[in-house]
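Numbering (my numbering), first residue to last: 6 to 278.
Put into structure tokens, the structure is as follows:
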């Protein structure tokens with residue numbers, strides 16, 4: 006119970022910090038109707054929240070780009086804090102934040118941020134699981150942990166490439182890998198670099214997509230040569246590294262028995278009943 010209380014305290018403190026940061030917007034350029042003055046202006050302040058669909062993503066991107074004109078440091082701090090919050094506590098939704106990075110900061114700066122934040126956040130999640138959650142992970146997911154443990158032992162000589170394989174292909178969710186690797190006794194250095202390298206194609210796809218979405222204002226823009234070239238580059242980045250890792254895995258890795266969710270054969274049979 007002590008470990009669970011410690012984790013709850015960290016989550017609560019991080020939540021309060023993020024709430025305070027997101028509700029205290031700094032003064033910025035305002036675009037108000039001509040007849041809006043005084044107290045009415047305060048009512049037009051944007052309420053920041055995590056995007057849940059493409060429409061809310063575009064609205065949030067427009068808001069943060071609006072504030073970034075004069076408050077770049079604040080927007081950067083807010084984005085980094087929100088990203089690390091999601092990654093550290095294994096909260097789904099990193100794809101929307103990656104697209105948001107591309108929409109706000111552009112394709113290259115956004116990609117750099119996404120890679121660094123995804124790696125840092127995953128490492129924080131690894132450390133939190135190592136300190137507070139090992140016994141709970143084993144208790145909640147005994148069969149999945151046992152299956153991954155067998156695969157780690159079978160591929161101990163190619164452990165780094167096994168982790169790359171699991172990042173490239175959705176054999177098991179990224180958040181589950183983050184909380185399980187401490188249980189599997191994965192060295193943190195191998196974990197860190199496998200995340201940094203293994204998530205580059207995924208981050209690139211999401212960031213580029215967000216950058217394109219922020220530039221598209223009509224259907225005609227989708228079929229422009231520039232947009233089509235970017236979509237082709239995204240497809241190549243998605244396919245080439247995955248094909249190379251898959252080819253390597255056929256001759257060097259033993260990954261039989263892993264399904265798309267990281268479940269073993271016994272667990273699959275029970276799900277079908």
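The beta carbon of each residue, even a glycine, is placed where N, CA and C say it ideally should be.
For clarity, every value in this text was computed on a predicted model and none was experimentally measured.
Report task. Excluding the 5 residues preceding and the 5 following residue 79 in the sequence, name in chain order all residues of the same chain whose CB lies nearer than 6 Å to its CB. Result -> Contacts found: 31.
Query raised in the report: Taking all protein chains shown into account, do 16 or more other C-beta atoms lie within 10 angstroms of the C-beta of residue 106, making it buried, or fewer, making it exposed?
Result: Its Cβ being crowded by 16 or more others within 10 Å, residue 106 is buried.
Query raised in the report: Going by Cα to Cα distance, which pick from 181, 148, 151 and 98 is closest to residue 128?
Result: Checking every option, the nearest Cα to that of residue 128 belongs to 181.
Query raised in the report: Hey, quick one: how far does the alpha helix (DSSP H) through residue 54 stretch, first residue to last?
Result: Annotation for residue 54: no alpha helix (DSSP H) segment contains it, and DSSP assigns it neither H nor E.
Query raised in the report: Grouping DSSP H, G and I as helix and E and B as strand, with all else coil, what is residue 188?
Result: Of the three classes helix, strand and coil, the one that applies to residue 188 here is coil, per DSSP.
Query - Nearest-angstrom Cβ-Cβ length linking residue 216 and residue 108, presumed shorter than 8 Å - result: Contact check for residue 216 and residue 108: beta-carbon distance about 6 Å, within the 8 Å limit, so the pair qualifies.
Requested in this report: Return yes when the Cβ of residue 164 is within less than 9 Å of the Cβ of residue 202, no when it is not.
Outcome: In terms of Cβ geometry, residue 202 and residue 164 do not form a close pair [threshold 9 Å].
Report task. Please go through the same chain and pick out, in chain order, the residues whose beta-carbon is closer than 7 Å to the beta-carbon of residue 70, but skip the five residues on each side of it. Result -> Only 109 meet the Cβ criterion.
Requested in this report: Specify, as a first and last residue, the run of the alpha helix (DSSP H) that residue 138 falls within.
Outcome: According to the DSSP assignment, residue 138 belongs to no alpha helix (DSSP H), since it is labelled neither H nor E.
Query raised in the report: With burial defined as no fewer than 16 other Cβ atoms inside 10 Å of the residue's Cβ, what is the status of residue 140: buried or exposed?
Result: Exposed, since its Cβ has fewer than 16 Cβ neighbours within 10 Å.
Report task. Counting only the same chain and skipping the five closest in sequence on each side, list residues whose C-beta sits under 8 Å from that of residue 130. Result -> Within the same chain, and ignoring the five residues on either side of residue 130 in sequence, the residues whose Cβ sits closer than 8 Å to its Cβ are 92, 93, 94, 95, 180, 183 and 184.
Query raised in the report: Where does residue 21 land, buried or exposed, given buried means 16+ other C-beta within 10 angstroms?
Result: Per the 10 Å Cβ criterion, exposed.
Query raised in the report: Straight-line CA distance for residue 122 to residue 8?
Result: One C-alpha to the other measures close to 26 Å.
Requested in this report: Report all residues from its chain with a CB closer than 6 Å to the CB of residue 103; omit the five preceding and five following residues, and keep chain order.
Outcome: By the criterion of a C-beta distance shorter than 6 Å, residue 103 is surrounded in its chain by 119, 208, 211 and 212, once the five residues flanking it on both sides are discounted.
Report task. Return helix, strand or coil for residue 146, following the three-state DSSP convention. Result -> In the three-state reduction of the DSSP assignment, residue 146 falls in the coil class, being assigned neither a helical nor a strand state.
Report task. In the DSSP assignment, find the unbroken alpha helix (DSSP H) run with residue 105 in it and report its ends. Result -> 99 to 110 is the span of the alpha helix (DSSP H), which, as asked, contains residue 105.
Query raised in the report: Where does the unbroken alpha helix (DSSP H) through residue 87 begin, and where does it stop?
Result: Where residue 87 is concerned, the enclosing alpha helix (DSSP H) starts and stops at 77 to 93.
Query raised in the report: Would you call residue 41 buried or exposed, if buried means 16 or more other Cβ atoms sit within 10 Å of its Cβ?
Result: Residue placement at residue 41 is poorly supported in this model, since its pLDDT is 39, which falls under 50; the coordinates are not used for a value here.
Requested in this report: Mark residue 66 as exposed unless 16 or more other C-beta atoms lie within 10 angstroms of its C-beta, in which case mark it buried.
Outcome: With 16 or more other Cβ atoms within 10 Å, it is buried.
Query raised in the report: Taking the C-alpha atoms as reference points, what is the distance between residue 144 and residue 10?
Result: Annotation: residue 144 to residue 10 spans about 17 Å, alpha carbon to alpha carbon.
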